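Residue numbers (our numbering): 33 to 306.
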């Protein structure tokens, strides 16, 4: 869980103990207040925080010293994951589209976009069948329940959180879906993906698309525009699951700790779920 100035990461060890890592975040730069640039910075922050969470979890969960994951190994894993995502959702759809030999640039890019969406949905569905990922998605649902409890102004208890929804409009799942939809028209501006140069330009365009997706998410939170998140909320039915009490407890611990760090600061308006 994070607020504007603080971060808290909670994990449960095999023995049942909940460990927490807390830190005060550095002051946000002026660029974070500007449209477009704040989306790129927010994306980078999300990657950094995700890395910290993985490093903390991997380090604490290992029973034996020889099983511990080194910082270098974890960094290489993150780089591999990003490279795999670019390959699966940028290069592979373009390669499949080329096989159809469509003359129209518009139709080719539409097909490319639909293949990208299909691969993403298929990827999520396949992941959701794995036992470990089911548990991960349950923690994701617990996180959303905890945030809803805070936003409702209720005491941060398991009982209050249990009846909350696992679907949240500020979820990263919404962000990814909007990103993929935006990529269809914006990639079309680069023409057919038939050269290495075009592929590289698409990769370079990723931060800009991410920034636009971030702005759309912010705009969608305004009264009367929540329908923008409808598809993303439905997709969360795959990426979240109903959590158990033990998982809700972990989410609530992280939330309490980050609020304690933030205490004394003004204008705590929202908590950011992943």
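Positions of the beta carbon are idealized from the N, C-alpha and C atoms, including for glycine. No experiment lies behind these values; they were computed from the predicted model shown.
>> Using only the alpha-carbon positions, how far apart do residue 40 and residue 190 sit?
In response: Taking the straight line joining both Cα atoms gives about 18 Å.
> Roughly how many angstroms separate the alpha carbons of residue 230 and residue 223, rounded to a whole number?
Replying inline: Between the C-alpha atoms of residue 230 and residue 223 there is a straight-line separation of about 8 Å.
> Between residue 163 and residue 262, what straight-line distance do the alpha-carbon atoms span, to the nearest angstrom?
Replying inline: Residue 262 has its alpha-carbon roughly 27 Å from the corresponding atom of residue 163.
> To the nearest angstrom, how far is it from the Cα of residue 203 to the Cα of residue 266?
Replying inline: Inter-residue distance for residue 203 and residue 266 is about 12 Å (C-alpha atoms, whole angstroms).
>> Would the segment 279-290 count as touching the segment 174-184 if we require 3 or more Cβ pairs under 8 Å?
In response: Short answer: they touch.
> Which partner residues does residue 42 have in the DSSP bridge list?
Replying inline: Residue pairing by DSSP puts residue 42 in a beta bridge opposite 52.
>> Tell me the DSSP secondary structure of residue 34 in three-state form.
In response: Three-state DSSP puts residue 34 in a strand.
> With respect to the alpha helix (DSSP H) encompassing residue 144, which residues constitute its N-terminal and C-terminal limits?
Replying inline: Its alpha helix (DSSP H) spans residues 137-160.
> Which residues mark the beginning and the end of the alpha helix (DSSP H) in which residue 215 is found?
Replying inline: DSSP places residue 215 inside the alpha helix (DSSP H), whose first and last residues are 204-220.
>> Judging by CA-CA distance, which residue of 44, 119 and 280 is the nearest neighbour of residue 90?
In response: Closest by alpha carbon: 44.
> Apart from the five residues just before and just after residue 121, which ones in its own chain have a Cβ nearer than 7 Å to its Cβ?
Replying inline: Answer for residue 121: 148, 151 and 152, listed in chain order.
> Anyone know if the C-beta pair for residue 36 and residue 42 falls short of 9 Å?
Replying inline: In this structure, residue 42 does not lie closer than 9 Å to residue 36 by Cβ.
> If you count every other CB in all the chains shown that lies within 10 Å of the CB of residue 290, and 16 or more means buried, which is it?
Replying inline: Answer is buried; the Cβ neighbour count reaches 16.
> How about the segment 236-255 and the segment 154-163: do they share at least three Cβ pairs that are nearer than 8 Å?
Replying inline: Short answer: they don't touch.
>> Comparing C-alpha positions only, which one of 211, 270, 206 and 277 sits nearest to residue 259?
In response: Comparing Cα-Cα distances from residue 259 to each of 211, 270, 206 and 277, the minimum goes to 206.
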